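Written out below as structure tokens is the structure these notes cover.
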Amino acid sequence: MRIGLRFLKDARQASVLNQAAAVNVSLHGSLALTGVGHGTDKAVILGLLGFEPETAHPDEADAAVARVKTDRRISLANGPVVPFDPAKDIELRGDVVPELHPNEMILRILDNDGGSIFEQVYYSVGGGFIATRKQLEKPSDNDMIARPRRSPYPFSSAKELLEICRDQNANVHDIILKNEDALRPRADTESRLDQIWSAMRDCIERGLHTSGELPGGLSVQRRAQSLYSKLQETPLANEREQLFDWLNVYAMAVNEENAAGGRVVTAPTNGAAGIIPAVIKHYCDTDDMRIDHIRIFLAAAAGIGMLYKQRASISGAEMGCQGEVGVACSMAAAGLASVWGATPSQVERAAEIGMEHNLGLTCDPVKGLVQIPCIERNAIGAVKAVNAARLAMRSAENPKVSLDQVIETMRQTGLDMSRKYKETSEGGLAVNVVEC
Ligand code: SF4
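According to the working numbering, numbering within the sequence shown proceeds without interruption in unit steps and concludes at 436.
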């Protein structure tokens, strides 16, 4: 969606948008192989129509896409209306293996004769981030997320982050928030964090109250609603294992919403969107809820996410599922440990444990849909995150493995991983589960 929007903006700036007689979209690599299952075709139509991820209402978005398919025309945002048949004008070229990044997209503006008058290449690099070819070929210093231009405490490794925490006598979330203070007033950052939590909470609520079959043809039934009903009938603390049930139901509620094309918060990606909300919901959104705990959780989790984004990748197409569910687990473990009052080194250890036991996790979604194994995998990831935070709080000083080492291990494992297991649906469960 962001690439569609960005393309039209670039075309406007180049003064060619109003000359458009048609547009053409070509998806390459992983973006094509799981394009339909992941809803990429729908997303690019919405971007071309001018929808934005933060504000697009799922029902309105579905209706708009349906209209384009029926009318075979598209009203380009701030541009002309042109003929557009998604079945023909969005090409899924899974046979093209891009060199720079496995999620490549080329968009073109065509003239009346079908000739290309404007062409741009973009990449979807994970977690809603996009990049042009130029940006990927030569990332500027300012692309380093943890080093914003005016950041008072720049860091590019967990080691550096821990040193800053020690020197400033501050926690991980304090440092992240102080860096954000250089970009905007603290109240604005807090308001934005509250909006993020509000979107996560709304998503959980929708998932807990919606039943039926998920789209895509796998006949997967939503389970969160019935599990939630059963849990509400069961007296609290009756079973020790209820902790699992609650984490499971919240995570599945979010990932069922994602699978249905609903609105989720990328945390750090859509496929792994259930883990952080599930852990926050269970541990922070209680009767005596403190909004500052949720802000602490999100800030600490974001700090850890920055390290993965900067030192490796959060794209399943590059790293497999370790880069999505593994990173979300690591971020959630750090967030929860922070809320529990962990020291910076305990927060680092929680994040390390959260990833260490997800190393090698492949991405093999059945039929390219973000359903099997993704929905249950988020439930398992949420439980694992809590255990990682717990282990970190209880473990001795001087751990043998550092967060920097585990991030580097994830990166190397991702590079070594066969392409079949990196969001292509050409291996693993995707080829061993019979579709019915
Ligand atoms: S298997 Fe993991 S990385 Fe792949 S689509 Fe599912 S959640 Fe995303």
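Cβ coordinates follow ideal geometry from the N, Cα and C atoms, glycine included.
Keep in mind the model is a prediction, meaning the values are calculated, not measured.
In angstroms with no decimal places, state the Cα-to-Cα distance between S156 and M331.
Reading the sequence shown from its first residue, position 156 is the one you call residue 156. Reading the sequence shown from its first residue, position 331 is the one you call residue 331. Rounded to whole angstroms, S156 to M331 spans 16 Å at the Cα level.
May I have a chain-ordered list of the alpha helix (DSSP H) segments no shorter than 4 residues that lie completely inside the segment 253 to 312?
Listed in chain order, the complete alpha helix (DSSP H) runs (minimum 4 residues) inside the segment 253 to 312 are 275 to 283, 291 to 311.
Can you name the start and end residues of the beta strand (DSSP E) that V327 belongs to?
Here the question's residue 327 lines up with position 327 in the sequence shown. Per DSSP, V327 belongs to no beta strand (DSSP E); it is in the alpha helix (DSSP H), 325 to 339.
Which term fits T55, buried or exposed, when burial requires 16 or more other beta carbons within 10 angstroms of its beta carbon?
The residue you call residue 55 lines up with position 55 of the sequence shown. Exposed, by the Cβ-count rule.
Where do the N-terminal and C-terminal ends of the beta strand (DSSP E) with M319 fall, by residue?
Taking the sequence shown and counting its residues from 1, one reaches residue 319 at position 319. Unbroken run through M319 is the alpha helix (DSSP H), 316 to 319; no beta strand (DSSP E).
I think V327 touches P373, with their Cβ atoms under 8 Å apart; what is that distance to the nearest whole Å?
Walking along the sequence shown from the start, residue 327 turns up at place 327. Walking along the sequence shown from the start, residue 373 turns up at place 373. About 16 Å separates the two Cβ atoms, so there is no contact after all.
Put M105 into one of helix, strand or coil per three-state DSSP.
Translated into the one-based positions of the sequence shown, residue 105 becomes position 105. Strand, per DSSP.
Are there 16 or more other CB atoms within 10 angstroms of the CB of S395, so buried, or fewer, so exposed?
Counting from 1 along the sequence shown, the entry for residue 395 is found at position 395. Exposed.
Is the segment 61 to 80 touching the segment 381 to 393 in the sense that three or more CB pairs, one from each, lie closer than 8 Å?
Contact fails: fewer than three Cβ-Cβ distances are below 8 Å.
CB of C321 to nearest heavy atom of ligand 1: below 7 Å?
Reading the sequence shown from its first residue, position 321 is the one you call residue 321. Within the cutoff, so yes.
Buried or exposed for N142, please, with buried defined as at least 16 other CB atoms from any protein chain shown within 10 angstroms of its CB.
As a first step, residue 142 must be located in the sequence shown, where it is residue number 142. Low confidence applies to N142: its pLDDT is 44, below 50, so where it sits in the model is not reliable, and the reading given next is rough at best. Classification for N142: exposed.
State the DSSP-derived secondary structure class of K69, mapped to helix, strand or coil.
Sequence index remark: in the sequence shown, residue 69 carries index 69 (1-based). K69 falls in the helix class under three-state DSSP.
To the nearest angstrom, how far is it from the Cα of V125 to the Cα of I314?
Numbered from 1 along the sequence shown, position 125 holds the residue referred to as residue 125. Numbered from 1 along the sequence shown, position 314 holds the residue referred to as residue 314. In a straight line, the C-alpha of V125 is about 8 Å away from that of I314.
Count the other CB atoms within 10 Å of the CB of A146; is the residue buried (16 or more) or exposed (fewer)?
Translated into positions along the sequence shown, residue 146 becomes position 146. Summary for A146: the model assigns pLDDT 47, below 50, so the residue's position carries little reliability, and this model does not support an answer.
What's the C-alpha gap between L361 and G316?
Here residue 361 corresponds to residue number 361 of the sequence shown, with the count starting at 1. Here residue 316 corresponds to residue number 316 of the sequence shown, with the count starting at 1. Cα-Cα distance, rounded: 10 Å.
Would you call E241 buried or exposed, if buried means 16 or more other Cβ atoms sit within 10 Å of its Cβ?
Sequence index remark: in the sequence shown, residue 241 carries index 241 (1-based). That one is exposed.
Taking the beta carbon of N78 as the centre, do at least 16 other beta carbons fall within 10 Å, making it buried, or is it exposed?
Residue 78 sits at position 78 when you count from the first residue of the sequence shown. With fewer than 16 Cβ atoms within 10 Å of its Cβ, N78 is classed as exposed.
Using C-beta distances below 6 Å, list every residue in its chain close to E324, excluding the 5 sequence neighbours before and after it, in chain order.
Within the sequence shown, numbered from 1, the residue matching residue 324 stands at position 324. Here the set comprises T269, G271, A272, G316.
Beta-carbon separation of V172 and G320 under 8 Å?
Translated into positions along the sequence shown, residue 172 becomes position 172. Translated into positions along the sequence shown, residue 320 becomes position 320. Not closer than 8 Å, so no.
Is T55 helix, strand or coil by DSSP?
One-based indexing of the sequence shown puts residue 55 at position 55. Coil at T55, not helix or strand.
Assess contact between the segment 221 to 230 and the segment 249 to 261, defined as three or more Cβ pairs (one per stretch) separated by less than 8 Å. Is contact present?
Yes, they touch.
Evaluate contact between the segment 5 to 20 and the segment 175 to 189, counting only Cβ atoms and requiring at least three cross-stretch pairs below 8 Å.
No: the two stretches stay apart, fewer than three of their Cβ pairs being nearer than 8 Å.
Would you list, in sequence order, the uninterrupted alpha helix (DSSP H) runs of no fewer than 4 residues that lie entirely inside the segment 347 to 391?
Correct list: empty.
Fully enclosed by the segment 192 to 258, which alpha helix (DSSP H) runs are 4 residues long or longer?
Those alpha helix (DSSP H) runs which fall completely within the segment 192 to 258 and span 4+ residues are 224 to 233.
Apart from the five residues just before and just after T424, which ones in its own chain have a Cβ nearer than 6 Å to its Cβ?
The residue labelled residue 424 in the question sits at position 424 within the sequence shown. The answer, listed in chain order, is S30, L33.
Mapping the DSSP letters down to three states, classify N24 as helix, strand or coil.
Locating residue 24 in the sequence shown gives position 24, counting from the first residue. Strand, per DSSP.
Where W246 and A385 are concerned, what is the direct C-alpha to C-alpha distance, given to the nearest angstrom?
Locating residue 246 in the sequence shown gives position 246, where the first residue counts as 1. Locating residue 385 in the sequence shown gives position 385, where the first residue counts as 1. Near 14 Å, if we compare the C-alpha coordinates of A385 and W246.
Am I right that Y153 and L136 are in contact with their C-beta atoms under 8 Å? What's the rounded C-beta distance?
Here residue 153 is taken as the residue at index 153 of the sequence shown, counted from 1. Here residue 136 is taken as the residue at index 136 of the sequence shown, counted from 1. About 27 Å separates the two Cβ atoms, so there is no contact after all.
Assess, as a yes-or-no matter, whether the segment 18 to 25 is touched by the segment 83 to 94 under the definition of 3 or more beta carbon pairs within less than 8 Å.
With the cut-off at 8 Å, the segment 83 to 94 and the segment 18 to 25 touch.
For the beta strand (DSSP E) containing Q322, list its first residue and its last residue.
Within the sequence shown, the letter at position 322 stands for residue 322. Taken as a continuous stretch (DSSP letters only), Q322 belongs to no beta strand (DSSP E), as it is neither H nor E.
Throw me the rounded Cβ distance for the G47 and R93 pair, which I believe falls under 8 Å.
Here residue 47 refers to the residue found at position 47 when the sequence shown is read from its first residue. Here residue 93 refers to the residue found at position 93 when the sequence shown is read from its first residue. Their Cβ separation, rounded to whole angstroms, is 19 Å, which puts G47 and R93 out of contact at 8 Å.
Going by beta-carbon coordinates alone, are A389 and A430 separated by less than 8 Å?
Sequence index remark: in the sequence shown, residue 389 carries index 389 (1-based). Sequence index remark: in the sequence shown, residue 430 carries index 430 (1-based). It is not a contact, given that the beta carbons lie outside the stated cut-off.
Would you call P80 buried or exposed, if buried means 16 or more other Cβ atoms sit within 10 Å of its Cβ?
Here residue 80 refers to the residue found at position 80 when the sequence shown is read from its first residue. It counts as exposed.
What distance in whole Å lies between the Cβ atoms of A20 and V68, which are believed to be in contact at a cut-off of 8 Å?
Here residue 68 refers to the residue found at position 68 of the sequence shown. Here residue 20 refers to the residue found at position 20 of the sequence shown. So it is not a contact: roughly 15 Å between Cβ atoms.
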